[in-house]
Amino acid sequence: MSNPKNSSHNFSSTCSYCGVGCGVIVSKEKNNTLNLKGDTHHPTNKGMLCSKGLNLHYTVNDRSDRLLYPQMRYNKNMPLQKVSWDDALNRTAAVFKTFIQKYGPNSVAFYVSGQCLTEEYYVVNKLMKGFIGSNNIDTNSRLCMSSAVVGYKMSLGEDSVPICYDDIELADCFYVTGANPAWCHPILWRRVEAHKALNPDTKIIIVDPRVTDTCSIADLHLQLNPGTDVTLNHAIGRLLIENGDIDIDFITNHSEGFEAYKQMVFSKTLEESALICGLAIADIQLAAQYIGEAKGFISMWTMGLNQSSIGVNKNLSLINLNLITGKIGKPGSGPFSLTGQPNAMGGREVGGLANMLAAHRDLQNPIHRKEVQDFWGGTQIDPKPGLTATEMFDALDNGSLKAIWIICTNPLLSLPNVRQAEQALKKAKYVVVQEISNKSECLAYADVILPAAGWAEKEGTMTNSERRISYLPKIVDAPGEALPDAEIIYKFAQKMGFSGFDYKNQEEIFIEHTRLTANTNIDISGLTYDILKKEKTVQWPYIKKKNKGTERLFTDKSFYTPSKKAIINTVPDVNKSEAPNEDFPFILTTGRIRDQWHTRSKTSKVNKLNQHIKQSFLEIHPDDAFKLQIKEDDVTIIQSKFGEVRVKAKITKSIKQGVVFLPMHYGKILGNDLNRTNNVTSTLVDAISKEPDFKYCAVQVSKYKKP
Ligand code: SF4
Numbered sequence: 001m002s003n004p005k006n007s008s009h010n011f012s013s014t015c016s017y018c019g020v021g022c023g024v025i026v027s028k029e030k031n032n033t034l035n036l037k038g039d040t041h042h043p044t045n046k047g048m049l050c051s052k053g054l055n056l057h058y059t060v061n062d063r064s065d066r067l068l069y070p071q072m073r074y075n076k077n078m079p080l081q082k083v084s085w086d087d088a089l090n091r092t093a094a095v096f097k098t099f100i101q102k103y104g105p106n107s108v109a110f111y112v113s114g115q116c117l118t119e120e121y122y123v124v125n126k127l128m129k130g131f132i133g134s135n136n137i138d139t140n141s142r143l144c145m146s147s148a149v150v151g152y153k154m155s156l157g158e159d160s161v162p163i164c165y166d167d168i169e170l171a172d173c174f175y176v177t178g179a180n181p182a183w184c185h186p187i188l189w190r191r192v193e194a195h196k197a198l199n200p201d202t203k204i205i206i207v208d209p210r211v212t213d214t215c216s217i218a219d220l221h222l223q224l225n226p227g228t229d230v231t232l233n234h235a236i237g238r239l240l241i242e243n244g245d246i247d248i249d250f251i252t253n254h255s256e257g258f259e260a261y262k263q264m265v266f267s268k269t270l271e272e273s274a275l276i277c278g279l280a281i282a283d284i285q286l287a288a289q290y291i292g293e294a295k296g297f298i299s300m301w302t303m304g305l306n307q308s309s310i311g312v313n314k315n316l317s318l319i320n321l322n323l324i325t326g327k328i329g330k331p332g333s334g335p336f337s338l339t340g341q342p343n344a345m346g347g348r349e350v351g352g353l354a355n356m357l358a359a360h361r362d363l364q365n366p367i368h369r370k371e372v373q374d375f376w377g378g379t380q381i382d383p384k385p386g387l388t389a390t391e392m393f394d395a396l397d398n399g400s401l402k403a404i405w406i407i408c409t410n411p412l413l414s415l416p417n418v419r420q421a422e423q424a425l426k427k428a429k430y431v432v433v434q435e436i437s438n439k440s441e442c443l444a445y446a447d448v449i450l451p452a453a454g455w456a457e458k459e460g461t462m463t464n465s466e467r468r469i470s471y472l473p474k475i476v477d478a479p480g481e482a483l484p485d486a487e488i489i490y491k492f493a494q495k496m497g498f499s500g501f502d503y504k505n506q507e508e509i510f511i512e513h514t515r516l517t518a519n520t521n522i523d524i525s526g527l528t529y530d531i532l533k534k535e536k537t538v539q540w541p542y543i544k545k546k547n548k549g550t551e552r553l554f555t556d557k558s559f560y561t562p563s564k565k566a567i568i569n570t571v572p573d574v575n576k577s578e579a580p581n582e583d584f585p586f587i588l589t590t591g592r593i594r595d596q597w598h599t600r601s602k603t604s605k606v607n608k609l610n611q612h613i614k615q616s617f618l619e620i621h622p623d624d625a626f627k628l629q630i631k632e633d634d635v636t637i638i639q640s641k642f643g644e645v646r647v648k649a650k651i652t653k654s655i656k657q658g659v660v661f662l663p664m665h666y667g668k669i670l671g672n673d674l675n676r677t678n679n680v681t682s683t684l685v686d687a688i689s690k691e692p693d694f695k696y697c698a699v700q701v702s703k704y705k706k707p
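Following full-length UniProt numbering, the residues of the sequence shown are numbered contiguously, the last one being 707.
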């Protein structure tokens, strides 16, 4: 903790790990090192921080892994050498111009991150969509929340999280599915735990094939078979209808699609659904009873639903439960997707996916395209969606994409079937890697390396899971010649000869972004850094006249669809994942562990965090381990048709028989590429959201025997 005698300055900022968005007070010591504590006045965390947040400042204080200056090579056979910013950006602009001239604007792409600040997201989208003339700009948020984006849009008319964190203390039933918030959104979950402790009648239903720490306060754990979420949600929907626990007024006057939905959910008997899900009928009935009796009902989910070949359908089937019960737009009720990354929501605001435009505008809508185009004054915006995350690497592989610019993410650890991604990057004609850490596997394939400033080394804004925008100050100088990501992009845009990128600071970008939201459903026009600094945070939409944000959406039961009614979607109940078979009889599911973050470029620097779980592992049920003669800590080989992973076994009854689990975080950083989980994950993606199927992959497991 901070020693007040040594502290010279305190700064309010926001934790840059998960989408909970906890407030922190950072103190800069006289020797320029940072210290921090939870912000007791912040509405999100009220002073609390989890293990990762408590140790965030160490990731800035330890600069041993930082990239310090631009590097470049003039051809693939040459080593990288130190160059000036001008040289790096001039050459990259020349290469991009050549490719664009020769092969068209879709021959280049940007792949960015949910950890980018909103200003960074905005400026790179403006450059690509508005000036280069391609929508080949996608983000690693594609890998974690694009199914939720589509789910909200198809149900509510726009990608809009209706709820706020203060609804937690007003709810009396939580249906938590495909999420382990006790580990992955810890401070949010502390609020649920505290609420349950004070109100023991509050019902907590957890849906997960694994017993996780989140289950410790569960009234009911539905340990379903992987991939059967739609079946379960439909069965609960059917029971709610049968029990009369639906809101007829809401269904009749504020929604569409109920009759077709009803037919769908009645197409399976409860017995059939229970069998498919591997659950007891009585447990499904109890879940429906808890939801039906609730006055405030929150459905809460994250990657377990989103990362699936039927991720959109899983989202829709869940949101339907809130709609048929009319539990939306009211205090203590609503569907609530938890965003994984700190600024996945901010990225969505600026249209940071290959198929979106700024301020939730539609790429396919000519009026929306014209609005954005006129505002930017650049080239004509292409109506065709750009390449998504996995499609970019396919396009590099087949040669149609020539150049990729990777910002603040490590696809060679996080993409599915990662060995193919590695081959694709090897084939790329030109690779730019904009990074803070020298540990990213991507650096080995870079033609240009651009050193970026990290958290606390640049200013900007982020938006958390409840639409809460916060300002993050620059507290210390970035090391060496590293620059803020937005500055790198707008300097590059200038080198390309584009006008409209002569920003003097980040706030000018922010103000431009807020102006583009005017008269949309996420309107934050009029919001400034000064207001954010004064108010600490503001939830969009921002009501300028009252100088206040908006806690919850749809309180007037008017939705963003053309009819103003919510859509109860009829969702087919078909799992499209590749079923286990004789060669690959187990279902692999992947996920996070408590003290690591994504590809560990930051958390692996913190000794305390590495102590929690020291290395990757395979979770396997004792009966499966017995059959395979695997003992605790034996090295196991996990094989799929895509590749192989070798890690030690952790035998536990926490996982269902026939299912195995690998943490997602491990790779070459403090390891080797044989413990990289995504060597084996499936190439399947959801047909609409294009989100990969990380939660279901057919694998074989065996004990490793030394040759
Ligand atoms: Fe940071 Fe998330 Fe932990 Fe809060 S819960 S301290 S935002 S990692």
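For glycine and all other residues, C-beta sits at the position ideal for the given N, C-alpha and C.
These numbers were taken from a predicted model, which means no experiment stands behind them.
May I have the straight-line CA-CA distance separating L670 from K439, to the nearest angstrom?
For the purposes of this step, residue 670 is taken as residue 670 along the sequence shown, with counting starting at 1. For the purposes of this step, residue 439 is taken as residue 439 along the sequence shown, with counting starting at 1. Residue placement at L670 cannot be trusted, given a pLDDT of 47 that sits under 50; what the coordinates show is reported in the next sentence. So the alpha carbons of these two residues sit roughly 10 Å apart.
C-beta contact flag for R468 and G21 at 8 Å:
In the sequence shown, the residue the question calls residue 468 occupies position 468. In the sequence shown, the residue the question calls residue 21 occupies position 21. Cβ distance < 8 Å, so R468 and G21 count as in contact.
At a cut-off of 7 Å, is P186 close to the ligand SF4 when judged by its beta-carbon and the heavy atoms of the ligand?
For this step, residue 186 is matched to residue 186 along the sequence shown. Yes; taking the cut-off as 7 Å, the Cβ of P186 has a heavy atom of the ligand SF4 nearer than that.
Tell me the residue span of the beta strand (DSSP E) that contains G460.
Mapped onto the sequence shown, residue 460 falls at position 460. Element bounds for G460: 460–463.
For the ligand SF4, any of its heavy atoms closer than 7 Å to the Cβ of Y17?
On the sequence shown, residue 17 is found 17 positions in, with the first residue counted as 1. Indeed, a heavy atom of the ligand SF4 lies less than 7 Å from the Cβ.
Do C144 and the ligand SF4 come close, with the Cβ less than 7 Å from some heavy atom?
On the sequence shown, position 144 is the one that residue 144 refers to. No, the Cβ of C144 stays beyond 7 Å of every heavy atom of the ligand SF4.
Consider the C-beta atom of G292 and the heavy atoms of the ligand SF4; say whether any pair is separated by less than 7 Å.
Locating residue 292 in the sequence shown gives position 292, counting from the first residue. For the ligand SF4, not one heavy atom lies less than 7 Å from the Cβ of G292.
Simplified DSSP assignment, three categories, for L670
Within the sequence shown, numbered from 1, the residue matching residue 670 stands at position 670. Reliability of the predicted coordinates at L670 is poor, the pLDDT of 47 falling under 50, and no value is obtained from them.
Would G377 and G500 qualify as a contact pair, given that the criterion is a beta-carbon distance under 8 Å?
Translated into positions along the sequence shown, residue 377 becomes position 377. Translated into positions along the sequence shown, residue 500 becomes position 500. Taking 8 Å as the Cβ cut-off, G377 and G500 qualify as a contacting pair.
Can you name, in chain order, every residue of its own chain whose Cβ lies under 7 Å from the Cβ of D138, other than the five neighbours on each side?
The residue you call residue 138 lines up with position 138 of the sequence shown. These residues qualify, in order along the chain: Y111, L353, A354, G386, L387, T388, A389, M392.
Roughly how many angstroms lie between the CA atoms of T231 and Y445, to the nearest whole one?
Taking the first residue of the sequence shown as 1, we reach residue 231 at position 231. Taking the first residue of the sequence shown as 1, we reach residue 445 at position 445. Rounded to whole angstroms, T231 to Y445 spans 44 Å at the Cα level.
Quick check: is any heavy atom of the ligand SF4 less than 7 Å from the C-beta of L36?
Here residue 36 is taken as the residue at index 36 of the sequence shown, counted from 1. The answer is no for L36.
Starting from L450, follow the beta strand (DSSP E) in both directions and report where the run begins and ends.
Within the sequence shown, numbered from 1, the residue matching residue 450 stands at position 450. Here the beta strand (DSSP E) through L450 covers 448–451.
Report the rounded CA-to-CA distance for L338 versus G332, giving the unit in angstroms.
Here residue 338 is taken as the residue at index 338 of the sequence shown, counted from 1. Here residue 332 is taken as the residue at index 332 of the sequence shown, counted from 1. Cα to Cα, the separation comes out at about 16 Å.
Taking only runs of the beta strand (DSSP E) that begin and end inside the stretch 128–199, which ones reach a length of at least 3 residues, in chain order?
137–139, 173–177
May I ask you to list the residues that DSSP assigns as paired with E512?
As a working mapping, residue 512 is identified with position 512 in the sequence shown. Answer is none; E512 lacks a bridge partner.
Can the beta-carbon of T302 be found closer than 8 Å to that of G257?
Mapped onto the sequence shown, residue 302 falls at position 302. Mapped onto the sequence shown, residue 257 falls at position 257. Taking 8 Å as the Cβ cut-off, T302 and G257 do not qualify as a contacting pair.
Please name the residue in F642, S640, K641, F617 whose C-alpha comes closest to that of E632.
Here residue 632 refers to the residue found at position 632 of the sequence shown. Selected option, being the one with the closest Cα: F617.
Contact check, S309 vs H234, beta carbons under 8 Å:
As a position in the sequence shown, residue 309 is number 309, starting the count at 1. As a position in the sequence shown, residue 234 is number 234, starting the count at 1. No, they are not a contact pair.
In DSSP terms, what F586 is bridged to
Within the sequence shown, the letter at position 586 stands for residue 586. BP columns for F586 point to V699.
Count the other C-beta atoms from every protein chain shown that fall within 10 angstroms of the C-beta of G497, then say buried if there are 16 or more, exposed otherwise.
Here residue 497 refers to the residue found at position 497 of the sequence shown. Under this definition G497 is an exposed residue.
Residues of its chain near residue 711, where Cβ-Cβ distance is below 6 Å and the 5 sequence neighbours each way are ignored:
Past the boundaries of the shown model lies residue 711; the chain is included only from 1 to 707, so the question cannot be answered.
Could you give the DSSP three-state label for Y704: helix, strand or coil?
Numbered from 1 along the sequence shown, position 704 holds the residue referred to as residue 704. If DSSP states are grouped into helix, strand and coil, Y704 belongs with coil.
Option nearest D447 by Cα separation, candidates K402, P473, R419
By one-based count along the sequence shown, residue 447 stands at place 447. For D447, the nearest C-alpha among the options comes from K402.
Please classify E120 as buried or exposed, where buried requires at least 16 neighbouring CB atoms within 10 angstroms.
If you number the sequence shown from 1, residue 120 lands on position 120. Buried, by the Cβ-count rule.
If contacts are defined as beta-carbon pairs under 8 Å, then V660 and V699 qualify, I think. What distance do you get, rounded to the angstrom?
The count along the sequence shown starts at 1 and reaches residue 660 at position 660. The count along the sequence shown starts at 1 and reaches residue 699 at position 699. The pair is a contact, with the Cβ atoms about 7 Å apart (cut-off 8 Å).
Classification of P200 by the beta-carbon crowding that lies within 10 angstroms, buried from 16 upward
Counting from 1 along the sequence shown, the entry for residue 200 is found at position 200. P200 comes out exposed.
Can you pull the DSSP bridge partners for D362?
Taking the first residue of the sequence shown as position 1, residue 362 is located at position 362. D362 is bridged to M356.
What I want to know is whether the C-beta of I22 ends up closer than 7 Å to one or more non-hydrogen atoms of the ligand SF4.
For this step, residue 22 is matched to residue 22 along the sequence shown. Here residue 22 turns out to be Cys, not Ile, going by the sequence shown. Yes - the ligand SF4 has a heavy atom lying nearer than 7 Å to the Cβ of C22.
Specify the secondary structure class of S470 as computed by DSSP and reduced to three states.
Working through the sequence shown from its first residue, we reach residue 470 at position 470. Strand, per DSSP.
Output yes or no for whether 8 Å exceeds the beta carbon distance between I217 and Y290.
Stepping through the sequence shown from its first residue, residue 217 is reached at position 217. Stepping through the sequence shown from its first residue, residue 290 is reached at position 290. Result no, Cβ atoms of I217 and Y290 do not sit closer than 8 Å.
Does the Cβ of L338 lie closer than 7 Å to at least one heavy atom of the ligand SF4?
Reading the sequence shown from its first residue, position 338 is the one you call residue 338. False, no ligand heavy atom lies under 7 Å from that Cβ.
Under DSSP, the alpha helix (DSSP H) around I391 begins and ends at which residues?
Along the sequence shown, read from residue 1 onward, the residue named residue 391 stands at position 391. For clarity, residue 391 is Glu in the given sequence; the question names Ile instead. Element bounds for E391: 389–398.
Close beta carbons around T214, own chain, < 8 Å, minus the five adjacent residues each side
Against the sequence shown, residue 214 aligns to sequence position 214. These residues qualify, in order along the chain: V176, A179, N180, P181, A182, W183, W189, I206, D208.
In three-state terms, what does DSSP make of K126?
Looking up residue 126 in the sequence shown gives position 126. Of the three classes helix, strand and coil, the one that applies to K126 here is helix, per DSSP.
What three-state label does DSSP hand A88 in the structure shown?
Locating residue 88 in the sequence shown gives position 88, where the first residue counts as 1. Looking at A88 - three-state DSSP - the assignment turns out to be helix.
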